[in-house]
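In UniProt numbering, the protein residues as written are 1 to 600. Cβ coordinates follow ideal geometry from the N, Cα and C atoms, glycine included. Please read all numbers here as calculations on a predicted model, not as lab measurements.
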């Protein structure tokens, strides 16, 4: 569709079976032909062991042939192979199993960081099951993937395959003409600061703070992650399609009586079903990425996302149907509206008759607008509880610019330098998308040499073969001490204000990419900054202290005890950061919000 060669949901089975046929069936089928051509006749008891041997021989032969082709292409690019992880089992199966086990209890990004430290490099080839998978935390390599070498990479076949059931035709799961079409359609709604945005922020911020005030007055904590997810979803739904999903009116988690869900707490009712489906789809997509190209083996009989996406579609389909019907009615009545008068959904409905495309694009926008802002507000609240002096200084700035009751304006938001520093520092340590991936296109690519480990011994760039997945890690790059200094793991908003420390980032802006970079940079980043800033102004006008209520965390959601004996931030973390497409807090984060006492 729209020039993007993507297979339909469920086609992953066909791809996997074709791969399996090439690896298993084809060698077995060729064996009798080979023996016949060679005029060799063997009894059955000798023939049977040759069948598995033929699979192994063919796999070795094809692997060697591919390696020779890659070596030839690397030489033509004057590049060298990326260092490979070396396991003890064939196909690095032990490495894969070790990583899968470690994901269950590890700190976000640590599984990969340990490999980088073990091999003393910032770019590696995992080479799992003889398939190239590149991982990098190198800032120059990320810059090349996202910006300077953009034309050599795309979302790719394998990522689309993993996400097709979930995000389908949406902007995050498309390339080339389809992606350009989506971006062109969406850009007008995010290109400028709009007064209406702040009106929507005020409406839903007021509702959210009213809920917090009631909890605070009753001496009860609130689960911040769930609350912020509802706030951002309700605001986004009105912004995008003029309809409030009204999740803030639905029942909230009860302190001490909530269990863990897919990414936070388990919820009940319609909202709980939607949230659980939304987050389970993300978890499944992440699990597929960790397993690699062989993930379809575990879903040959059933697509794990199928039942969950039905719940999501049941929420969105009536909204889309109504938009298409309204457009048809307007056309019959001869009514025309300017783009400034339309919602995003109305504009989409005017752009295409395909309801699936409309729905998938809406879902992608909801994912971005909910998860990015909700994640960052959750971690800011957590960090203000961890560092009360930051909360105090931030509140002082808010009162200086907006007083105890005035709404934030565009000018006030722009002038609150410490506010922006707090948001940026939170995004640096806890980027909403901590790991992302691209694929090379139909030819190999030479990455620019950036890692000083190799500068003395081999000055050549690094070679990535065609059709190869490369994963890059903002969460590791943005905590890299080589870029940010020895205090890279520390939460220090002052690094965004001190001129001497700031100039390093100004001269090298791609060391900080929470909203990506290059042609696919997030078009909604200004909207996100404005929404977070507006909410924080209102929050700090009413509340002056935040304390963690860890006694209410569900069982299994607190950091493992062995984190304290490790290194980096995990030694002091009070919550469990985790990742499933986007960053979240495992089990949510229970917080006491303390009402400020205003002088009369």
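Using CA coordinates, which residue listed in the options is at the minimum distance from residue i?
i: residue 312; options: 337, 275 and 257; result: 275
i: residue 575; options: 568, 567 and 584; result: 584
i: residue 232; options: 133, 367 and 49; result: 367
i: residue 256; options: 554, 70 and 560; result: 554
i: residue 328; options: 62, 352, 315 and 494; result: 352
i: residue 142; options: 512, 180 and 14; result: 512
i: residue 316; options: 307, 338, 305 and 359; result: 359
i: residue 230; options: 413, 205, 464 and 419; result: 205
i: residue 154; options: 268, 476, 438 and 495; result: 438
i: residue 320; options: 240, 384 and 355; result: 355
i: residue 223; options: 378, 130, 464 and 250; result: 378
i: residue 101; options: 463, 290 and 285; result: 290
i: residue 280; options: 165, 248, 23 and 542; result: 165
i: residue 527; options: 422, 441, 413 and 425; result: 413
i: residue 373; options: 342, 482 and 234; result: 234
i: residue 241; options: 202, 331 and 318; result: 318
i: residue 417; options: 540, 494 and 126; result: 494
i: residue 162; options: 225, 304 and 550; result: 304
i: residue 460; options: 96, 500, 559 and 74; result: 74
i: residue 577; options: 447, 503 and 432; result: 432
i: residue 606; options: 297, 88 and 197; result: Outside the shown range of the chain (1 to 600) lies residue 606, about which nothing can therefore be said.
i: residue 254; options: 221, 325, 465 and 480; result: 221
i: residue 202; options: 56, 273, 174 and 405; result: 405
i: residue 477; options: 516, 500 and 446; result: 516
i: residue 12; options: 207, 180, 292 and 571; result: 292
i: residue 306; options: 41, 482, 95 and 277; result: 277
i: residue 114; options: 566, 76 and 519; result: 566
i: residue 105; options: 572, 563, 61 and 158; result: 563
i: residue 118; options: 93, 86 and 149; result: 86
Name the one or two DSSP bridge partners that residue i has.
i: residue 613; result: For the chain, the structure presents residues 1 to 600; residue 613 sits outside this window and is missing.
i: residue 577; result: 585
i: residue 15; result: In the DSSP output, where bridge partners are listed per residue, residue 15 has none listed.
i: residue 260; result: 265
i: residue 153; result: 440
i: residue 81; result: 463
i: residue 595; result: 543
May I ask which residues mark the beginning and end of the beta strand (DSSP E) holding residue i?
i: residue 544; result: 543-548
i: residue 436; result: 436-440
i: residue 462; result: 462-464
i: residue 472; result: 469-472
i: residue 248; result: Note, residue 248: premise wrong, no beta strand (DSSP E); not H, not E.
Tell me whether the beta-carbon of residue i lies closer than 8 Å to the beta-carbon of residue j.
i: residue 587; j: residue 556; result: yes
i: residue 263; j: residue 282; result: yes
i: residue 138; j: residue 123; result: yes
i: residue 376; j: residue 427; result: yes
i: residue 473; j: residue 434; result: yes
i: residue 470; j: residue 145; result: yes
i: residue 186; j: residue 523; result: yes
i: residue 133; j: residue 579; result: no
i: residue 357; j: residue 169; result: yes
i: residue 171; j: residue 369; result: no
i: residue 200; j: residue 239; result: yes
i: residue 593; j: residue 210; result: no
i: residue 125; j: residue 84; result: yes
i: residue 27; j: residue 55; result: yes
i: residue 546; j: residue 591; result: yes
i: residue 466; j: residue 479; result: no
i: residue 250; j: residue 219; result: no
i: residue 440; j: residue 152; result: yes
Does residue i get closer than 8 Å to chain D when you measure Cβ to Cβ?
i: residue 204; result: Here there is only one protein chain, and chain D is not present.
What are the start and end residues of the alpha helix (DSSP H) that includes residue i?
i: residue 447; result: Premise fails: residue 447 lies in the beta strand (DSSP E), 445-447, not in any alpha helix (DSSP H).
i: residue 157; result: 156-167
i: residue 423; result: 417-429
i: residue 382; result: 355-386
i: residue 147; result: It is not in any alpha helix (DSSP H) - residue 147 carries neither H nor E in the DSSP assignment.
i: residue 351; result: 344-351
i: residue 177; result: 176-186
i: residue 570; result: That residue, residue 570, is in no alpha helix (DSSP H); it is neither H nor E in DSSP.
i: residue 143; result: 139-143
**Request:** Would you list, in sequence order, the uninterrupted alpha helix (DSSP H) runs of no fewer than 4 residues that lie entirely inside the segment 273-341?
**Result:** Segments of the alpha helix (DSSP H) lying fully in the segment 273-341: 306-333.
**Asked** Residue ranges of each beta strand (DSSP E) run of no fewer than 3 residues wholly in the segment 98-136, ordered along the chain?
**Response** Whole beta strand (DSSP E) segments, 3+ residues: 123-125 and 133-136.
**Message:** To test your reading of the DSSP string, which unbroken alpha helix (DSSP H) runs of 4 or more residues are found completely within the segment 475-560?
**Reply:** With a minimum length of 4 residues, the continuous alpha helix (DSSP H) runs that stay inside the segment 475-560 are 481-484, 499-506 and 525-542.
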